[in-house]
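Top line first, the protein sequences correspond to chains A, B, L and D. Each residue of the first sequence is one higher than the one before, counting from 1 in full-length UniProt numbering. Each residue of the second sequence is one higher than the one before, counting from 1 in full-length UniProt numbering. Each residue of the third sequence is one higher than the one before, counting from 1 in full-length UniProt numbering. Each residue of the fourth sequence is one higher than the one before, counting from 1 in full-length UniProt numbering. Glycine included, each C-beta is placed from N, C-alpha and C at the ideal position. Source: prediction; values computed, not measured.
There are 4 protein chains.
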Amino acid sequence: MPTKKKPQVTPSPERRRELLATAAEVFAAQGYNATTVREIADAAGMLAGSLYYHFDSKESMIDEILSTFLGELWEGYDAVLAAGLAPRQTIEALVTESFREIDRHRAAVAIYQKEARHLAAQPRFQYLVDSQQKFEKAWLGTLERGVADHSFRADLDIRLTYRFVRDTVWVAASWYRPGGQHSPEEIARQYLSMVLDGIALDT
Amino acid sequence: MPTKKKPQVTPSPERRRELLATAAEVFAAQGYNATTVREIADAAGMLAGSLYYHFDSKESMIDEILSTFLGELWEGYDAVLAAGLAPRQTIEALVTESFREIDRHRAAVAIYQKEARHLAAQPRFQYLVDSQQKFEKAWLGTLERGVADHSFRADLDIRLTYRFVRDTVWVAASWYRPGGQHSPEEIARQYLSMVLDGIALDT
Amino acid sequence: MPTKKKPQVTPSPERRRELLATAAEVFAAQGYNATTVREIADAAGMLAGSLYYHFDSKESMIDEILSTFLGELWEGYDAVLAAGLAPRQTIEALVTESFREIDRHRAAVAIYQKEARHLAAQPRFQYLVDSQQKFEKAWLGTLERGVADHSFRADLDIRLTYRFVRDTVWVAASWYRPGGQHSPEEIARQYLSMVLDGIALDT
Amino acid sequence: MPTKKKPQVTPSPERRRELLATAAEVFAAQGYNATTVREIADAAGMLAGSLYYHFDSKESMIDEILSTFLGELWEGYDAVLAAGLAPRQTIEALVTESFREIDRHRAAVAIYQKEARHLAAQPRFQYLVDSQQKFEKAWLGTLERGVADHSFRADLDIRLTYRFVRDTVWVAASWYRPGGQHSPEEIARQYLSMVLDGIALDT
DNA sequence: AATGAATGAGCATTCATTCAT
DNA sequence: CATGAATGAATGCTCATTCAT
Numbered sequence: 001m002p003t004k005k006k007p008q009v010t011p012s013p014e015r016r017r018e019l020l021a022t023a024a025e026v027f028a029a030q031g032y033n034a035t036t037v038r039e040i041a042d043a044a045g046m047l048a049g050s051l052y053y054h055f056d057s058k059e060s061m062i063d064e065i066l067s068t069f070l071g072e073l074w075e076g077y078d079a080v081l082a083a084g085l086a087p088r089q090t091i092e093a094l095v096t097e098s099f100r101e102i103d104r105h106r107a108a109v110a111i112y113q114k115e116a117r118h119l120a121a122q123p124r125f126q127y128l129v130d131s132q133q134k135f136e137k138a139w140l141g142t143l144e145r146g147v148a149d150h151s152f153r154a155d156l157d158i159r160l161t162y163r164f165v166r167d168t169v170w171v172a173a174s175w176y177r178p179g180g181q182h183s184p185e186e187i188a189r190q191y192l193s194m195v196l197d198g199i200a201l202d203t
Numbered sequence: 001m002p003t004k005k006k007p008q009v010t011p012s013p014e015r016r017r018e019l020l021a022t023a024a025e026v027f028a029a030q031g032y033n034a035t036t037v038r039e040i041a042d043a044a045g046m047l048a049g050s051l052y053y054h055f056d057s058k059e060s061m062i063d064e065i066l067s068t069f070l071g072e073l074w075e076g077y078d079a080v081l082a083a084g085l086a087p088r089q090t091i092e093a094l095v096t097e098s099f100r101e102i103d104r105h106r107a108a109v110a111i112y113q114k115e116a117r118h119l120a121a122q123p124r125f126q127y128l129v130d131s132q133q134k135f136e137k138a139w140l141g142t143l144e145r146g147v148a149d150h151s152f153r154a155d156l157d158i159r160l161t162y163r164f165v166r167d168t169v170w171v172a173a174s175w176y177r178p179g180g181q182h183s184p185e186e187i188a189r190q191y192l193s194m195v196l197d198g199i200a201l202d203t
Numbered sequence: 001m002p003t004k005k006k007p008q009v010t011p012s013p014e015r016r017r018e019l020l021a022t023a024a025e026v027f028a029a030q031g032y033n034a035t036t037v038r039e040i041a042d043a044a045g046m047l048a049g050s051l052y053y054h055f056d057s058k059e060s061m062i063d064e065i066l067s068t069f070l071g072e073l074w075e076g077y078d079a080v081l082a083a084g085l086a087p088r089q090t091i092e093a094l095v096t097e098s099f100r101e102i103d104r105h106r107a108a109v110a111i112y113q114k115e116a117r118h119l120a121a122q123p124r125f126q127y128l129v130d131s132q133q134k135f136e137k138a139w140l141g142t143l144e145r146g147v148a149d150h151s152f153r154a155d156l157d158i159r160l161t162y163r164f165v166r167d168t169v170w171v172a173a174s175w176y177r178p179g180g181q182h183s184p185e186e187i188a189r190q191y192l193s194m195v196l197d198g199i200a201l202d203t
Numbered sequence: 001m002p003t004k005k006k007p008q009v010t011p012s013p014e015r016r017r018e019l020l021a022t023a024a025e026v027f028a029a030q031g032y033n034a035t036t037v038r039e040i041a042d043a044a045g046m047l048a049g050s051l052y053y054h055f056d057s058k059e060s061m062i063d064e065i066l067s068t069f070l071g072e073l074w075e076g077y078d079a080v081l082a083a084g085l086a087p088r089q090t091i092e093a094l095v096t097e098s099f100r101e102i103d104r105h106r107a108a109v110a111i112y113q114k115e116a117r118h119l120a121a122q123p124r125f126q127y128l129v130d131s132q133q134k135f136e137k138a139w140l141g142t143l144e145r146g147v148a149d150h151s152f153r154a155d156l157d158i159r160l161t162y163r164f165v166r167d168t169v170w171v172a173a174s175w176y177r178p179g180g181q182h183s184p185e186e187i188a189r190q191y192l193s194m195v196l197d198g199i200a201l202d203t
């Protein structure tokens, strides 16, 4: 692992993190393809070429942004899944955890939403596919358990439900702004209330 | 002197429509920026330059794709809104209409989802902003009316609810494939059931 | 010579002349390179492709415009040179004839001024070089005869004088507009007065 | 936070000047439109894309060439006009100055002659129009003063005289080659002699 | 660590030209 | 005679990337 041709790993990881945060912000705002390395460099106060001291390529930047985010996401998810909660409580915990990740990695989440699909085609981003599958297994499994134990309705197409819940949560990254009116936990609470009980008033 | 009349430059609208459908498919699959004019031309079985006989620019293609879609969408929405239904029935009709549009304009909807935000910055695409505002007014207004007449819950942040319902419906375009297992109406029915009554089993 | 592959020669020479006049106008206004065949076609009330029924190529248009003009110019010049006038009278006649040509072929003259130099490099336009040489011989010869017979000053560099007189006359095409305040003959008279006697008041 | 300062984007002005000189040479030889960016790059020993490190566009090259030339021209002209010379001496000084500029900026002058008219239509090149007007005012005014004080003939159309003198001088750029037989001052002397006193021998 | 300058492949677009109808 | 549609080569320009300093 320390056999890189370039001194990519040694220099201060703090600067690296700063630069990645900057890049993520620009990627999220303009899209990965539409963002030029020069714009990232401008935002970081350096020249385009200088970025290549820190990173192999533009691709390696988004790679590191996404893999870091997914790493932290799965840390949280795995903890929830390991806790052995009931289906409904698991869903609640996963949704809450998701909104917390959106809060902490807004840019990365937005990038993920927009770019994951076409990046996943490249071998380098195989981990996106893996994560996607693990994700589906976790949510779908929980929903199925919930149907089995009568926490969730049985009259719905389960895959449709899965997509509904999944999308419902993650699209929020497209409009969420940290430091807004609601805390991630409050948003999670209201989302869960809607998803679980519906927006209609019981009559 | 019957000469000197400018010759027709607007050729057969059928070919145009074909080409736009092709372009929309490619844009939806790869993203607008990531799509080269050459790829569209390849998909249409012609050379890149030949597209310019039919269209002014790549931009005018996405413009026509989006404006055509929005035109038809609003035809449907306006009919629903003019029908004077109760809030809940209005929401149901709007959601159903939306899934029908997704069914008929899948590519355009996917493009809209991905590109509308940054296109809207250009004056040429002002109509995207207008449509967005009209859209918000229609949905938010209906939700508010529904809260007022006790069709919908009053304990939720109304803007959050709006975003929830809006996203919930339209993200479906990202995975929807026409001719799949469920008809648009069936998907609408299940989505509505989830959105209105929740996925939890009443206890 | 009548062995052309295309029916370029048979169709009505009037239409041809009209089209050439139109083309010359556009070439003169915008420059040859900057003019698209579509612009010529627009001005002629037809589609770009249709021009190719009448002409082999854009190049053949400017070719015919210039060769027609030079043909008529030399008709006039040759008549003057054949008249056996004294040097000063020859110059006067040549200048007057030149302004008449500018009057009748303004567009062609303007095109000639702008494009002759670089067109002359192509074999097809060899006649431009020939004409140029014949032109120089006529004017320079007349000036030399005039110096010899004491009509013209002997203290000037003769080639400089030649260029001076030549340019002086032909650049007028860049601002001349037929139907203006002065007739070509009047302009010729004043130009000759300046060239021959100077603009300074004799003291 | 001393970062976030925009890095210098205006590189060494010497290289810039070299490249502009190269570009001017090619523009003058082939015309602006007919010159490709690749040709300029070839002449400069680099690739087409590399030019864009130094210049925004092909247009900005001709812009800088022309504005630099006009700047220096007006430095010279303004000095002459500020000297308060008599009309005839002013004309002599202006003509001499003009030939000096032709000597120093031959390429730029040739480009100006060929391209000024159509460039002037664009807002970016408004300064060409301004310069043209200032130019006319200076020359025409001097000629008028000269007519008034009996330095110049009163029997000529003054605008015709203006155009005659103006064109007479500047077209010289089309054949002038620096380092030729005559110095700019000598050419100016002979031109002035012709313009002021005519080429005919007084009888 | 960062700069300045360049590379080279690729892109949207233009345009003269062709040709079946 | 003219149109409609297409070709294919070229053009101005962009951008990720490299590398000597």
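DSSP places B:A200 within a strand segment (E or B) once states are collapsed to three. The contact set of A:A34 on chain B, defined by CB atoms closer than 8 Å, consists of N33, H118 in chain order. For A:Q132, not one C-beta of chain B is nearer than 8 Å to its own C-beta. Chain-ordered, the chain D residues with CB closer than 9 Å to the CB of L:G198 read R153, S193, M194, V195, L196, D197, G198, I199, A200.
Taking B:A116 as the centre and dropping the five residues before and after it, the same chain places the C-beta of L128 closer than 7 Å to its C-beta, in chain order. Taking the Cβ atoms as the reference, L:A188 lies roughly 4 Å from L:F99, within the contact range of under 8 Å. Residue pairing of A:F152 in beta bridges, as defined by DSSP: B:A200. Around the beta carbon of D:E75, fewer than 16 other beta carbons lie within 10 angstroms, which makes this residue exposed.
Residue nearest to A:A29 within the set A:A200, A:W175, A:G179, A:Q126 is A:W175 (criterion: CA-CA distance). Per DSSP, the unbroken alpha helix (DSSP H) holding L:M61 starts and ends at 58-82.
Counting only runs of 4 or more residues that sit fully inside the region 91-171 of chain B, the alpha helix (DSSP H) segments are 106-119, 126-148, 158-170, in chain order. Ranking B:L81, B:V80, B:E59, B:K134 by CA distance to the CA of B:Q122 puts B:E59 first. Take D:T35, set aside five residues on each side of it, and the residues of its chain with a beta-carbon closer than 7 Å to its own are V26, F27, in chain order. In the structure shown, the three-state DSSP call for L:F27 is helix. Counting only the Cα atoms, B:E18 lies some 35 Å from A:Q126. Only residues of its own chain outside the window of five on either side were considered, and among them K114, E115 have a CB closer than 8 Å to the CB of D:G31, listed in chain order. The C-beta distance from D:D149 to D:P87 rounds to 6 Å, short enough to meet the 8 Å contact threshold. For B:L20, the number of other beta carbons within 10 angstroms of its own is at least 16, and it is reported as buried.
For L:L51, the uninterrupted alpha helix (DSSP H) segment begins and ends at 51-54. Excluding the 5 residues flanking it on each side, D:T96 has same chain C-beta neighbours closer than 7 Å at E185, A188, in chain order.
DSSP, read as helix, strand or coil, puts L:A34 in coil. Nearest in C-alpha terms to D:V109, of all of D:W170, D:Y162, D:M61, is D:W170. L:E14 is classed as exposed because its beta carbon has fewer than 16 other beta carbons within 10 Å across all chains shown. When 8 Å is used as the limit between beta carbons, A:K58 is near no residue of chain B, the shortest such separation being about 13 Å. Under the three-state reduction of DSSP, A:P178 is assigned to coil, being neither helix nor strand. Going by beta carbons, D:L196 and D:Y162 fall outside the 8 Å limit.
Interface with chain A (8 Å Cβ-Cβ cutoff): B:W139 is excluded. Here the C-alpha atom of D:D63 lies approximately 59 Å from the C-alpha atom of A:K134. Taking 8 Å as the threshold, the shortest C-beta distance from L:L85 to chain D does not fall below it.
Buried is the label assigned to L:D167, since at least 16 other Cβ atoms lie within 10 Å of its Cβ. For B:Q89, no chain A residue has a C-beta closer than 7 Å to its own C-beta; the minimum C-beta separation is roughly 12 Å.
The straight-line gap separating the alpha-carbon atoms of D:L85 and D:A93 is approximately 9 Å. Spanning the alpha carbons of D:A173 and D:H105 requires a straight line of approximately 9 Å.
In terms of Cα proximity to A:Q132, the closest of A:M194, A:P178, A:S183, A:S67 is A:S67.
Beta-carbon to beta-carbon, A:A24 and A:I111 are separated by about 6 Å, close enough to satisfy the 8 Å threshold.
At a Cβ-Cβ threshold of 8 Å, A:L192 and B:Q190 do not count as neighbours.
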